[in-house]
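Chains as they are written, first to last, in UniProt numbering: chain A, 1 to 540; chain B, 1 to 365; chain C, 1 to 398; chain D, 1 to 71.
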Amino acid sequence: MVRFLKPRKPGMVKQSNQQVSQSRESSLPDTSWKEQVLSPDLDTNLAQIKAILDRCSDVMYREFIFAQNEQIRLALIYTDGLTDKEQISEQITKALALEVAMAAPGQEISKSRALEFIKQRGLCVNEIKQTDKIREIIQAILSGDSVLLMDGYATAIINGTRGWASRAISEPEAEPTVRGARDSFVETLRTNTALLRRRISSPNLKIEVFKLGEVTNTEVAVAYIEGIVNEKLVAEVKSRLQRIKVDAILESGYIEELIEDHPWSPFPTVNHTEKPDRAAAMLLEGRVAILVDGTPFVLTVPNLFVEHLHAAEDYYERFIFTTAVRVIRFFSAFISLTLPALYIAAVSFHPELLPTTLLLSIAGQREAVPFPVFMEVLVMELTFETLREAGIRLPRPLGQAVSIVGALVIGEAAVRAGLVAAATVIVVAFTGIASFTFAYSASIAFRLLRFTLMFLSAAMGLFGLITGVALIGIHLCSLRSFGVPYLSPAVPMTGTDLKDVVFRAPLWAMFTRPRLIARQNQERQEQNLKPAPPETRPRG
Amino acid sequence: MLEQGKIDSKQAILLLISLVLPTAILTAPAITVKQAAQDAWLSIIVATMAGLLIAALVTGLSLRFPGKTLLEYAEEILGRLPGKMVGLLYIWWFLHGNALILDEYASFLCSALMPDTPVIVFFVFVTVVAALAVYSGLEVLSRFNQLFLPLVLGLLLVVFLLAAKDMEVTRLLPVFDKDAAAILKGAVIPASWFGEIVIFALLIPFLDRAEEAPRVAVTAILICGLYLLICILVVVMIFGPHVSARWIFPTFNTIRVVSIANFLERLESIAIAVWMFGGFAKIGIFYYAAALSSAQWLGLKDYRPLVAPVGVVLVALAALCRNIVELLNFLATAWPPYALGLFEAGIPLLLLVVARARGKGGRGA
Amino acid sequence: MKKRIAALLLITFVIILAGGCWSRVELTELAIVLGAGVDLAEDGRILLTLQIARPGAFTAGSEGGGRGKEAASWVISAEGRTVPEAERFLAMKIPRHIYWGHCIILVLGEELARREGTGIVTNFYQREREPRENIYVLVARGRARDFLETYSSLERTSAQAAGFLERMKTGYTVQLRELAEMLVSRGIQPAVTAVEVTEAGTMPGQVPGGPPPPQKEVGVAGTAVFKQDKLIGWLDPWETRGFLWLKGEIMKGVIIVPGPEQPEKLVSIRIRRGKTKIIPEYNGEYPRFLVKIQVEGDMVEQQTRENLATPEKIKLLEEEMASEIKARAEAALDKVQGEYGVDIFGFGEAFHRKYKKEWRKLKYHWDEEFSRAEVEIAVDAQIREIGLLTRRAGIPEE
Amino acid sequence: MIVLLIILFAGIILLEVPGLVKKKMWRELAAFAAYLAIGMALSIPQALGIRLPNPSKAIEALFKPVAELLK
């Protein structure tokens, strides 16, 4: 049988999880309210909620009476900053206090009928929900909904009044493109799901929401297109998400680390993107997207190695150009992994690799350099990595200054001082540039492994280098992401999917979805879409 | 079942190519040319035919016993005790053969790449890499092979094309200068390498479509034959029969000769580097065969615990060989009757005959 | 599990890496040999001379400016009974690892080639890993050491200069692998480029005042002819051309023929390309060879006044050209066949290709067979272009 | 050399044995031990500088009559 999804060890995992959560809960403040329900007395309820939300200065309590009937007291509770205040005052407070009576003149509003009345006529809000569980009420208040309590009723109405200051949709920072959509996901889950829904307006786009994080109660959405996606995959994603029992989910990176197949691998087996168009494309190929509230980075699984060498734009530019660019990217990936190691091997083990004049020229440069070439490259690589990190961490204007100074120091002064050979600078610089041509997440892995290869190469020359590459190769071959071999479609080779690895087939020739990802629904489009002038178009 | 993974036909073809080509292409030209001079390419054609016969024999035999490996059906055919004996012989051959391959591989790297490095270092490193692949299972081994073998094959072709400048067809003439006996003699050793395809009998149960096994084996043998043929033609066209026979690793020397426009030259280190992947794969397959068949022979549930100790035995066996002359002499004289006569043709033939006679096995092949 | 595997791998690697970095040599620890020369010392031992690059002189850029200020190479020699022994003696004087990987030329001294032969030298270069199969092999007229001691005005070192001369195919270029092939084959005897030290022009203004000193340069001086592995004679550059045409190897050269109407004035024709076909015949007693040479050339100069741009004249010129080529080829052939009696043309190989059965008997005394073989040379010459002029300018029309 | 070898053997045992014992795979453990013993028998003398007979020699002798034909 083909192993589709690697079985985990459920028994052991659950046990340990329970132990952890039990011990942790005991250290938290009193949690007995979680199971309680409302009482009919408004004051009791308010007191209890206030006690739970003690010292939460952003929670607001507004008590008022319903439609000038002093008998019916109401209380509205909401969190300031998370709610749309205009909506609350217009559609709840004003409506309940003033307009209901006018809207239904002559109708007597008795205390016993008030709840019906409010629900049917009193509230102008779009979504309302009724509950009597304290736990749900607290949850609603803290996530931006407003809760209406009523004297005499042991029930509360939750009004959907969420609305908080959110960053406007802007251009993607991490994945800039020349051609293609310029919008990017933001920190708000709803906005993000909306961005997806706007691209795929199909009832088959399903977005299921979970709450994860014991303390943070972060909303996490799983999106997929029913009919394209493999149902087993969705089930697996959900089960892996439900396994998560942690305090906080602050970024999708938390989820990534908690659901990935190979936690020890340097290679990412979960992809992320901040571009809605890219996420939509992933969904359409049968992947599952995981959106996390509070971050613009959306996870997509299963993830293939080649995805990291592809860009969203690849499908918007014409295919010949895309293919050429992809060749450059693959070559860059190779360079960024091996070039310094190759240089070390060639210079200190296999001078016969270099043409005579080049060898003499490098030898001439190196005459004055006091270090072995390995030390030289290592120090330069570390310097480069330091500069890069500094460039990211520093405030933007300063970052530029740092890179300029760094470039000057390395490029000019070090060579002039005879500390490094010019050839080494070229090698390190080219390697650095090459590692920027593809996705950041993968380039981190490449950069780390580059150092390993440099060590091996310094010890054993080409043999060490190749041994290292072979080990990396074996490791890559053994990776799977949610049941899909990481290196597919190249290895194992699935013929029809090779049209989107290095070569990007024209869109009219991509009839099928990736075979190992979208297992059930392979057909993507009709076969005879190749454009042609009218006279040569096949008839019928 | 010891092995959970499945491999597809493409991977199987590539595995079989790796099983034959990487070391064959190193020394084959020298050994064959020594016997058959410029007619060595005829020897290779003869050897390919022999390889096809062995492939037919092995796949035919295996398909009679679907889902079973060589060791398992040997017991079914011959009975428990003789079957176990045959199994033991094969385990020995996988180990010893692999030690020889490791030896050849390491001597080559040592004399061509890093002469100051003790051979044992190569043994250990190569075995560690192969062990990791074997440990990860057949699927990973074949994927690894699928990842890198195309590179090896492609590079070889490119190098041969680049060497075209120095080739002279007249060096191949006259044809049939040597008699048929010399050509046949020259064919024996390559045939014994092609015969290593007998290991396929261990892998057929893990094919996702076992019925394609004959096609897989034949394709692999033909591709190997083609490569060896091209290789020998190129070597002889560059060095002539006399010099070719005197090199130890003529293909290596061929790559050293390539020089295009005074710039595209000195490619041999790159070629060796790429070729090393082939070596890893070949040693890995033999290694896997040894570990898997040991586990089957002993009726274990998992072959993985055996991987590390088998590796130790492998390195120790390889280290027994004192120098390359000993190795080359063994390969040129004792290896063909030992491997070809016994393990690659002899025992499978015996098994087939007995199976037919006793009417064992599913269907006739 | 994975963790433990990783740990094990790490331990193995660290242990092995800690063991040492075996074949590692930094570039700054290499003495890069560009040319090697082997002579016979007085006492019959081998004198190995190396021309070693001085990397400092090869730096590009402003600071380098090597040439002129400092020499780009260093020539050093030592004696020994074998080449590796001499190399070890050299290693006592050279503070770096002697690195052969970029050796361009191997020069054999005349004495050594005559008395000891190439065999005691070339084996080392084939067996060792570092020297490559495509080293050019040369025989110096005189001592190899003197040859390596010259320097070049255009290239940085004389070894590179000789290498480029070889690559330009000005003589009979032989690489080590080809020499090896000729040495082991019975159907062809070795011949390699002969070189010598020549005075080649001057570099003005080097010594203030006084006339500029003549430059010692490397130059091609024909071909060295071997019997088995011993040098037995030379072909001068003029004969070398004939030899090359006979071999069909490098169809180049300039042919000077008398003008059709004014025989005292000359016409120059440059050979562009050509083909040679050796057709052996055997009647059971002695072999015969028919050598068909086909050449194409362009007329590049005329000293005569006549109009050569007519089909008839061209035809006459072609005939002249053919007979001139034939004469030179015959001269080379006569010298080799008559005087030296060795088959450096590869006639034996051609014979082998056609008469493989007979060859099995003849191959053991092929040189004698070759000496008495009858060789007929047939030349077919053709003129393709006449350059940019039809008639010679500068003479007033009658 | 011998120290390296002992570390290597210790490493291999540490890598495999605990898992086998935990899973109660005694048969596998026995096979593992047998192989490791062979490996030790072959490698430790070599590390100590004792020359062991090469099995290839025996095979060569065994097939000598056939092998002569190929010379």
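Here a beta-carbon is modelled for each residue, glycine too, at the ideal position from N, C-alpha and C.
Hey, out of the options, whose CA is closest to residue i's CA?
i	options	result
Gly219(C)	Gln337(C), Gly346(C), Ser73(C), Gly171(C)	Gly171(C)
Leu138(C)	Leu154(C), Leu112(C), Arg129(C)	Leu112(C)
Lys185(B)	Leu203(B), Ser43(B), Leu161(B), Ile17(B)	Ser43(B)
Pro53(D)	Arg322(B), Ala334(B), Tyr338(B)	Arg322(B)
Lys119(A)	Leu142(A), Asn159(A), Ile141(A)	Asn159(A)
Leu123(A)	Ser403(A), Phe334(A), Val147(A), Val37(A)	Val147(A)
Leu306(B)	Ser43(D), Ile59(D), Ile12(D)	Ile12(D)
Ala71(C)	Ala78(C), Phe58(C), Ala191(C)	Phe58(C)
Trp275(B)	Ile260(B), Leu149(B), Phe94(B)	Leu149(B)
Leu106(C)	Gln175(C), Asp343(C), Met321(C)	Gln175(C)
Thr276(C)	Gln262(C), Ser268(C), Lys292(C)	Lys292(C)
Asn123(C)	Val38(C), Arg145(C), Glu42(C), His365(C)	Val38(C)
Using 8 Å for Cβ pairs, my map puts residue i next to residue j. What's the rounded Cβ distance?
i	j	result
Pro296(A)	Ser184(A)	6 Å
Ala378(C)	Gly242(C)	Actually they are not in contact, since the Cβ atoms of Ala378(C) and Gly242(C) sit about 15 Å apart, beyond 8 Å.
Ile362(A)	Leu27(C)	6 Å
Ala53(C)	Leu360(A)	6 Å
Measuring CB to CB, does residue i end up less than 8 Å from residue j?
i	j	result
Ile517(A)	Pro372(A)	no
Ile94(C)	Gly163(C)	no
Asp151(A)	Thr218(A)	no
Gly387(C)	Val257(C)	no
Val58(B)	Tyr288(B)	no
Pro268(A)	Ser441(A)	yes
Val195(C)	Ala140(C)	yes
Val234(B)	Phe286(B)	no
Glu257(A)	Pro263(A)	yes
Ile188(C)	Glu349(C)	yes
For residue i, which of helix, strand or coil comes out of DSSP?
i	result
Asn126(A)	coil
Ala221(A)	strand
Leu38(A)	coil
Asp343(C)	coil
Asp247(A)	coil
Asn98(B)	helix
Ser18(B)	helix
Arg55(A)	coil
Gln120(A)	helix
Glu214(A)	coil
Pro7(A)	Note on Pro7(A): pLDDT 47, under 50, position unreliable in the model; the coordinate value appears next. If DSSP states are grouped into helix, strand and coil, Pro7(A) belongs with coil.
Lys34(B)	helix
Phe370(C)	helix
Leu148(A)	strand
Met40(D)	helix
residue 415(C)	Within the shown structure, residues of chain C are numbered from 1 to 398, placing residue 415(C) beyond reach of any answer.
Ser23(A)	Unreliable placement is indicated for Ser23(A), whose pLDDT of 48 sits below 50; the coordinate value is still reported in the next sentence. Correct three-state label for Ser23(A): helix.
Trp247(B)	coil
- Task: Taking a Cβ distance cut-off of 9 Å, strictly less, list which residues of the region 444 to 469 of chain A are near chain B, in chain order.
- Result: Against chain B - using a Cβ distance shorter than 9 Å - the residues of the region 444 to 469 of chain A are Met460, Gly461, Leu462, Phe463, Gly464, Leu465, Ile466, Thr467, Val469.
- Query: Going along the chain, which residues of the region 354 to 382 of chain A sit with their C-beta nearer than 8 Å to a C-beta in chain C?
  - Reply: Listed by position, the residues of the region 354 to 382 of chain A near chain C (Cβ gap below 8 Å) are Thr356, Thr357, Leu359, Leu360, Ser361, Ile362, Ala363, Gly364, Gln365, Arg366, Glu367, Val369, Pro372, Val373.
- Task: Give, in chain order, every residue of the region 206 to 240 of chain B whose Cβ lies closer than 7 Å to some Cβ of chain A.
- Result: Residues are counted here when their Cβ sits less than 7 Å from a Cβ of chain A; for the region 206 to 240 of chain B the count is zero.
- Which residues, taken in chain order from the region 176 to 196 of chain B, show a beta carbon closer than 7 Å to some beta carbon of chain D? The residues in question are Lys185, Val188.
- Item | Members of the region 244 to 257 of chain B that neighbour chain C once the beta carbon cut-off is set at 8 Å | Those residues of the region 244 to 257 of chain B that come within reach of chain C (Cβ to Cβ, closer than 8 Å) are Arg246, Asn253, Arg256, Val257.
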